[in-house]
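To keep things clear, I will list the structure first and then write my remarks on it.
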Amino acid sequence: MKSCRGLRQLSSLGFKRWSSKAKPESFKTFFSNAAKGRLFENDAIEALAQHSFQLEHTGQAGDKGIDFIGTWKVSPLNSVAVVGQCKKFASTIGSRELREFEGVLARKPSQTLGVFVVANGYTQHALDYSQASSYPLLLLTLFERYLTSVKMNSAFKTLLPDITSSAQYRNDVPRIGRLRHYTFLNRGVELIAEETLV
1 MKSCRGLRQL SSLGFKRWSS KAKPESFKTF FSNAAKGRLF ENDAIEALAQ HSFQLEHTGQ
61 AGDKGIDFIG TWKVSPLNSV AVVGQCKKFA STIGSRELRE FEGVLARKPS QTLGVFVVAN
121 GYTQHALDYS QASSYPLLLL TLFERYLTSV KMNSAFKTLL PDITSSAQYR NDVPRIGRLR
181 HYTFLNRGVE LIAEETLV
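Using this note's numbering, the letters of the sequence shown correspond one by one to residues 1 to 198.
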């Protein structure tokens, strides 16, 4: 798994360097939308790694709508193939983006799980659309590397009937304090990355 620490440190250093000389709007130019998108994609990969996903970043020009690929180790003997897409839009995601993502899944083996990660949630129409999809979909909302919303469609529940999600609370999240976030369970046992169990 590729890390974004270097990118995060570079952007932090760049911001400090620029903030003393330039107007705040100059930072928008310095820290491009592409860089923000890449940072969000890496945050998503790091967040999912905490839940036994083993992912590799693929997002780049011409990536055909795939930002990461890999597997989800849902039990010691069972892994499922994963392809994912991230969207850090200022607004909620609608059904059009999910239709496009289905086009990506159509080119993958039938048991591949589609993971869609956004920053600002989904419209009700998008949620309804995902439920009717024949592709297994996991719709996530990410905030500061926390999964703040988890939606599993019917095809997901058919593919992985033992997987559920559970809400937890943290009281120490910077800038906002208390935050509800989600974790995944397999038959009631939390899915945690193996390296965090040491």
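Even glycine gets a Cβ: it sits at the ideal position worked out from N, Cα and C.
**Prompt:** What span of residues does the beta strand (DSSP E) with residue 71 cover, start to end?
**Reply:** 68–75
**Asked** Looking only at its own chain, which residues have a Cβ that is under 6 Å from the Cβ of residue 95, when we skip the five neighbours before and after it?
**Response** Only 125, 126 and 129 meet the Cβ criterion.
**Asked** What residue range is occupied by the uninterrupted beta strand (DSSP E) comprising residue 172?
**Response** 163–173
**Asked** Per the contact definition of three or more C-beta pairs closer than 8 Å, is the segment 106–124 in contact with the segment 186–193?
**Response** The segment 186–193 is not in contact with the segment 106–124.
**Request:** Assign residue 78 to one of two classes, buried (16 or more other C-beta atoms within 10 Å of its C-beta) or exposed (fewer than that).
**Result:** exposed
**Request:** Could you tell me which of 152, 151, 160 and 143 sits nearest to residue 174, measuring between CA atoms?
**Result:** 143
**Message:** For residue 84 and residue 167, I'd like the C-alpha separation in whole angstroms.
**Reply:** 22 Å
**Prompt:** Looking at C-alpha atoms only, which residue of 120, 117 and 157 is the closest neighbour of residue 134?
**Reply:** 157
**Request:** Pick helix, strand or coil for residue 178, following the three-state DSSP scheme.
**Result:** strand
**Message:** Just to check my reading of the structure: residue 136 and residue 113 have Cβ atoms closer than 8 Å, yes? What is that Cβ distance to the nearest angstrom?
**Reply:** 5 Å
**Asked** From 178, 118 and 66, pick the residue whose C-alpha is nearest to that of residue 87; which is it?
**Response** 118
**Euclidean distance between Cα positions of residue 148 and residue 182** = In a straight line, the C-alpha of residue 148 is about 6 Å away from that of residue 182.
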